[in-house]
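Report on one structure; see the data block that follows.
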Amino acid sequence: MNELLPQPEHDHFRAKAAASEHPRELIIDLLRAIQEHHGWVPDEGVELTAEILGLSPLQVEEIATFYDKIFRRPVGRKVIHYCDSICCWATGGEQVAAHLQQKLGIGPGETTADGAFTLLPSCCLGACGDAPAMMIELKLYGRLTPEKIDAALEKEKD
Amino acid sequence: MPTLTIDNQTVTVPDGTNVLEAAQQLGIVIPHFCYHEALGAVGSCRLCAMKFEQGPVKGIEMACMVQAQDGMVVSTVDAEAQELRAAVIEWLMLNHPHDCPVCDEGGECQLQDMTIAGGHGIRRYRGKKRTWINQDLGPFIEQEMNRCIQCYRCVRTYRDYCGGDDFGVMGSRNRVFFGRFKEGKLESPFSGNLADVCPTGVFTDKTCRFRSRSWDLQEAASICPHCSLGCSVIPGARYRELQRVRSGINRQTNGFFICDRGRFGYGHVNHPERPRTPKLQGADAAWPEALQLARRRLTDIAAKVGPEAIALLGSPRASLESLALLHDWAKQLGGARFCGDPQPGRDRAARQLTALLGSRARSLEDVRRSDCLLLVGSDPLNEAPLLGLAVRQAARRGARVIVIDPRPVELPCNFQRLSTGPEELPQRLEHLVSTTEPTDDLSTLRTLLHQAERPILCGGGDLLGEVGIRQLAAAADHFGTGLFVTLGGPNSYGAALLSGDGPDADQLCEEMLAGKIRALVCLENDPLADGPQRMARALGKLEFLLILDHAPNRLSRQADVFLPTTTVAEGSGTLVNNEGRMLSFSTVFNPGIPLGISSEGGHPPRSFSPTTAGGEPRPAWAVLAQLRGENQSPEMIRRKLEGRDSRFAGLSLLDPDGEGQRVRGGGHPAGSHDQSFPHPAPEGSLPLLVVEQLFGSEQLASLSPALDAVQPDPQVLLHPETAAARGLKEGDTIALHTELETFSLQLKLNAAMTPGLLLATRLRDTPLELFAPGSPTPCLVGKGGGDA
Amino acid sequence: MNDYPQILFKNRRPGETVFLDGFRQTGGYQGLEKAIRAMTPLEVRETVKRSGLRGRGGAGFSTGLKWSFFPADQPGDKYLVCNCDEMEPGTYKDRQLLMADPHQLIEGVILSAWALQVSEAYIFIRYAYEQEARNLERAIAEAKDAGYLGTDILDSGWSLRIHVHRSAGRYILGEETAQLNGIEGVRPNPRSKPPFPAVKGLWGRPTTVNNVETLADVPHIITGGAEWFKNLARNGDGAGTKLFGLSGHMERTECFELPVGIPLREVIFDVGGGIRGGREFKACLPGGASTPYLTREHLDVAMDFDTLEAVGSRFGTAGVTAFDNDTCMVAVTLNLIRFFARESCGWCTPCRDGLSFIQWLLEEIEAGRGNMEQIEMLKHQRRNITGRSFCALAEGAMGPLDGLLRLFEDELEDHVRKGRCPFQ
Ligand SMILES: Cc1cc2nc3c(=O)[nH]c(=O)nc-3n(C[C@H](O)[C@H](O)[C@H](O)COP(=O)(O)O)c2cc1C
Ligand code: SF4
Ligand code: FES
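Chains as they are written, first to last, in UniProt numbering: chain A, 1 to 158; chain B, 1 to 788; chain C, 1 to 424.
In structure tokens, the structure reads:
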């Protein structure tokens, strides 16, 4: 269980759920917490969420599979979200995607062999003024050029 | 009551009707998917477009989402509306695999119908279709997700209507998947309804997969024989085999849905061991010979000992027509003993109910509309599942639900539980009406019942017994409300009406043991399993035993004469449900050994004969008429019965597609009869309560192979404290010593149990079968022992 | 570039976030103090109504009118939800506010909650805005310590709690009823209206949903007065300032606070510095991905709700994305439709399946495999989706498609005739 959620957080959510009039509202918080700790949400994460909130696993799965930022499959240590929406597209987003793919040697939705990165296309990141943009985990990189991308990958590779 | 105009026709509809329903009332059928009478309107499919030309709403709108209002002028044939409907169908078909030739829904597929009705014919989209990997959802339901048109009806049925939480919708956009978290059996006892509500072939009945095209099925309106509620069903047969059962529609009883026992319990009809020929002491015989012998033996005994030496024992699963003939025969014989139900407890409860129900009767629809439901000694999901579903609908509308029961009753909704020992139920009821102390635990309940506008007191006949039912009726009167009491079988009520204050089976046993009764006629019952415990001994005293039945009957070899009868699906007739509603069923098909068995699955059959193999079973009423030397038709029997007994007025006019009709007048409680000597409970014993369970208890369904996969393992339940006090723990095998039997069961602990009580389910073909459901027996508990 | 009055951005400095002290130095929380000490909730609502403030979340509904439907005097739980989902491509204005001056929103939420007499508020924030969410949490803590939040706020006897609800992606969560489902933790499909959130919102209780910028405007309206706010606009019909997020092929793609009613030409050529690389302006999305294109002929149109509607477009969120003359508008539209199709919640047919049909048609045409009949099919789709979907998402997707079919049909035909994209 500890592998999914550190004990203090585990206790925190249990207490919160017990105190809440509608524990269901914690579902996203809990899934995100598991994801933050475990990298992605495995079946056991769905089951744990369900158990803490008094729901059936299916009821959690209905939510988990709706949101695109909840990963129900394994991802790399860091997820690269590159924007493919209109402002980035207009300013070279396709070249950014191509460069990333070439540099990492993977296609969209794939993970590098060393497990460092997963590459995912994303809708607008809210960085339209700084297009083209990408987000590595929750850190935003804007006005991308091939050089900036290379530098960012270098920096984020742990 | 708004009045509106649709396609130049004017219609006045009740408040709250939507425009789609208003159009339907005019006979205008507008394609729709997401709207369903029982599920309501959600406006997701966008198919039911109409043009609102005048009135408070203007323009193209989804008719299901607009409440009918005065002055509306609506067109369904408007060009824009028609274009939209065709567009919606085109969209819905984008990803459809067009696999109709191999789809079980073919011929009854709403998508096929709506595609035609919507005016979409030519595929213009040539892109990729999305495809899915299907899940194995267990033995009942087949999933084929590629056919899905995302109407969301399945989740709205399974989760919203039926309260299941293991099935739902996952994903989003044009990738929504309807299924389970992980593969596995659907847990809801109402899972089969998925097959009915899915408008296309995503969810189909696995038990009849690839057996028939729907148009090849023989279908007719029928009644479910698996409990006392009388749900409307439509069985379908082909090649002399009953292949499936789907839900019929009766807005007063089941509404639109049925439970999985009713849907998948049909296998008894095709059972390979089903007796299909008359037998004389176990040896096959011809009808004339068997009938003649039976007639002669009975006349002889009547002449020799007197007509009271003959007992005619009916059954709650026999039709009203057969029971009426049997009852009438008793008189014709000059005073033979008649009893409609082999199980005295249930019989007496049913008779008590018929005597009291009258204007206190409530229907399942009333339950669905109630705002406060008290359930006493009633475990709906196990005893009468559709009652559980009706309770849920009331709860969804805000009704309060309270359960007084010794069992860990579960319901598909929130409720409050007051646990009580089985023997205290009548006292609790008495207490409910007599005490006014505001501090006792019933005081809130009392207030709730007083404040509710449409409260209903529900009860289970097994646990309440005749005394409890009397108390329940008194409580109903106290709160100015009605009753909904479930009984043992589909015609318990009819049998009880006919039995009146005649003897019960206990008394018959006594008379058999005393040698007063020499001949017994059993109509569609198994007296060994369902009769009083003394029956086995009593049978040994008989000179003559005649059995009429369609189920494999362990006595059929012992009987002097055995005559095979038809099942409900193979004949027409009437059943009276637990609320006194006469419901008629019609013939689906004629009996015969299913071709799949007779020709070992080969087709066409390789042997020929002028008669149907295995086609010998006859309707019980016909057999009884022949035994009486008469020529009768069911119509004649019905007309005679209603002529003779005004309670059954209207019987001959019942329509199998209708809602049925309540009997007009009550019955009698059983005569007071000093029940067999209550033995003092041995020191240290606990009461063992044996009750019905959804699967495994009801006789006919337990003969259905489709249900084998869900047969529960025999076990016994105990409150954890009671177990701890005796040093027992979960999973222990414990030996149970009762007066009747000694056997052992696995122990399961449940904190919702009433302390100090042993609870087991009455499973067929186990020693537990012999216990009368609902009446506790003293039982000594020990560790270990042989298996049950 | 003109000196435009800076109201919401007055504390904005590159790379800096102003917290309580800085905020208070520039008049922060004075609107709240004024309202609570000197006005009644009804007076606040009336002032907002008179100010002409229209929702900044895209639909442009009068905030005062929306609040007038809210049963502020009804006892029992009621909620205010601040919509910071901001996932429509081309829109990134709310984020600027939360990075520059988060207390502005907190003051707006507290003041609006008081005006509506609710005691629990949610700020719903998108996944990508983690730093912004933390800014808000810090601002909330500071406001609590300073007595602007919590129990018995400014001795009024009234209390408020603000929760920050972080989302996990999906554009549909911006739709207000889907957002309520999102907060409740059920599937975030939109709900049918009626009943409107003001009657049955969060957990079935009266709820109002407002955009970040809308709420941030409220304290300024209270301090400055309704007339002052109204007069900030450049034209008579408009009111206030507006955060314009510029993007696409302009020289300066940043977020600016500009007066409502400013002409498009001024936005693109003065503020935005014109089209990059000295190219020509071809078209723009005036207010986010769901607004029909404007072209050169619209350059002198005033940027406000009514005027843009009159020329067949919408003001939306004022996220202006410009395209130069080398841009293929079929490809632009395809990109936008792909976004909408991917973000569809999957509840209703026109959106779930209709948008993927359109996507396929545009892919065929853009790839040079299209035919003239498919252009007719596009019109058929537009006709049958516009006004027919369950919520406004698919309706929004019809914005660019409508623009394409109305203004650039020749470009579509060119693709078909040439059998390839003429811009490649
Ligand atoms: C698909 C869709 C996405 C939306 N996204 C947002 C959003 O990100 N932020 C927002 O404030 N409003 C959004 N809206 C509008 C909201 O539904 C709602 O009108 C708005 O939050 C009301 O606030 P306002 O009146 O202050 O603008 C969206 C609407 C739709 C249909
Ligand atoms: S238009 Fe329909 S499918 Fe699309 S987001 Fe709205 S409700 Fe969902
Ligand atoms: S039936 Fe009306 S929208 Fe589906």
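For glycine and all other residues, C-beta sits at the position ideal for the given N, C-alpha and C. Given the structure is predicted, the values throughout are model-derived calculations rather than measurements.
> Listing by chain order, which chain A residues have their CB less than 7 Å from the CB of histidine 103 of chain C?
Replying inline: Per Cβ cutoff of 7 Å: no residues; histidine 103 of chain C is ~21 Å from chain A at best.
>> Counting only Cβ-Cβ distances shorter than 7 Å, please list the residues of the stretch 151-172 of chain B near chain A, keeping chain order.
In response: Asp165, Asp166, Phe167, Gly168, Val169, Met170, Gly171 and Ser172
> With C-beta atoms as the reference, is alanine 90 of chain A less than 9 Å away from threonine 321 of chain C?
Replying inline: yes
>> Between A:Leu104, A:Leu120 and A:Pro121, which has its C-alpha nearest alanine 113 of chain A's C-alpha?
In response: A:Leu104
>> Let me see if you follow: with CB-CB separation under 9 Å, is isoleucine 172 of chain C close to chain B or not?
In response: yes
> In this structure, does DSSP put asparagine 2 of chain A in helix, strand or coil?
Replying inline: Residue placement at asparagine 2 of chain A is poorly supported in this model, since its pLDDT is 46, which falls under 50; the coordinates still yield a value, given next. In the structure shown, asparagine 2 of chain A sits in coil (DSSP, three-state: anything other than H, G, I, E or B).
>> Which residue wins for smallest C-alpha separation from glycine 40 of chain B, given the options B:Ile28, B:Glu53 and B:Gln67?
In response: B:Gln67
>> By the 7 Å beta-carbon criterion, what residues does the UniProt domain "4Fe-4S His(Cys)3-ligated-type" (80-119) of chain B contribute toward chain C?
In response: Glu83, Leu84, Ala87, Val88, Trp91, Leu92 and Leu94
> What does a CB cutoff of less than 8 Å around arginine 265 of chain C pick up in its chain, not counting 5 residues either side in sequence?
Replying inline: Leu299 and Asp300
> Which residues, in order along the stretch 47-72 of chain A, keep a beta-carbon less than 7 Å from a beta-carbon of chain B?
Replying inline: Ser56, Pro57, Leu58, Gln59, Glu61, Glu62, Thr65 and Phe66
>> Helix, strand or coil for leucine 157 of chain B? Go by DSSP, reduced to three states.
In response: In the sequence as displayed, the identity of residue 157 of chain B is threonine instead of leucine. Of the three classes helix, strand and coil, the one that applies to threonine 157 of chain B here is helix, per DSSP.
>> If I measure Cβ to Cβ from isoleucine 385 of chain C and keep anything under 7 Å in the same chain, skipping five residues before and after, which residues do I get?
In response: Pro350, Gly354, Ala394 and Met398
> Which chain A residues are close to tryptophan 203 of chain C, counting only those with a beta carbon under 7 Å from its beta carbon?
Replying inline: His22
> For residue 789 of chain B, which residues does DSSP report across the bridge?
Replying inline: Limits of chain B in this structure are 1 at one end and 788 at the other, which puts residue 789 of chain B out of reach.
>> Measuring only from the beta carbon, is tryptophan 91 of chain B closer than 8 Å to any heavy atom that is part of ligand 5?
In response: Among the ligands in the structure shown, ligand 5 does not appear; only ligand 1, ligand 2 and ligand 3 can be found there.
>> By alpha-carbon positions, which one of C:Phe256, C:Leu32 and C:Arg352 ends up nearest to serine 344 of chain C?
In response: C:Arg352
>> According to DSSP, simplified to helix, strand and coil, what is asparagine 325 of chain C?
In response: coil
> Identify the residues that DSSP records as bridge partners of glutamate 376 of chain C: which are they?
Replying inline: Glutamate 376 of chain C is not bridged to any residue.
>> Can you tell me whether leucine 294 of chain C is helix, strand or coil according to DSSP?
In response: strand
> Should asparagine 414 of chain B be labelled buried (16 or more other beta-carbon atoms within 10 Å of its own) or exposed?
Replying inline: exposed
> By DSSP, does alanine 285 of chain B sit in helix, in strand, or in coil?
Replying inline: coil
> What residues from chain A crowd round phenylalanine 190 of chain B, counting only those whose CB sits closer than 8 Å?
Replying inline: In chain order: nothing, as chain A lies at least about 16 Å away.
> Which class does leucine 513 of chain B belong to by DSSP, given the choice of helix, strand or coil?
Replying inline: helix
>> Helix, strand or coil for isoleucine 358 of chain C? Go by DSSP, reduced to three states.
In response: helix
>> My assumption, with CB atoms under 8 Å, is that proline 687 of chain B sits in contact with proline 778 of chain B. Please give the rounded CB distance.
In response: 6 Å
> Is the beta carbon of asparagine 525 of chain B less than 9 Å from the beta carbon of serine 319 of chain B?
Replying inline: no
> Exposed or buried, what is valine 576 of chain B when buried is set at 16 or more other beta-carbons lying within 10 Å of its beta-carbon?
Replying inline: buried
>> With distance defined between alpha-carbon atoms, name the residue in C:Val330, C:Trp114 and C:Asp270 nearest to glutamate 33 of chain C.
In response: C:Trp114
> Is glutamate 110 of chain A close to chain C, meaning its C-beta is less than 9 Å from at least one C-beta of that chain?
Replying inline: no
> CB of aspartate 85 of chain C to nearest heavy atom of ligand 1: below 8 Å?
Replying inline: yes
>> Do cysteine 227 of chain B and alanine 384 of chain B count as a contact pair if the criterion is CB distance below 9 Å?
In response: yes
> Of the residues C:Gly316, C:Gly236, C:Pro292 and C:Asn325, which one's Cα is nearest the Cα of arginine 279 of chain C?
Replying inline: C:Asn325
>> Rounded to whole angstroms, what is the Cα-Cα separation between alanine 302 of chain C and aspartate 410 of chain C?
In response: 27 Å
> Looking at tyrosine 293 of chain C and methionine 250 of chain C, is the spacing between their C-beta atoms short of 9 Å?
Replying inline: no
> Does the stretch 138-157 of chain C come close enough to the stretch 194-209 of chain C that 3 or more CB-CB pairs lie under 8 Å?
Replying inline: no
> Along chain C, in chain order, which residues have C-beta atoms closer than 7 Å to that of tryptophan 89 of chain A?
Replying inline: Asn335
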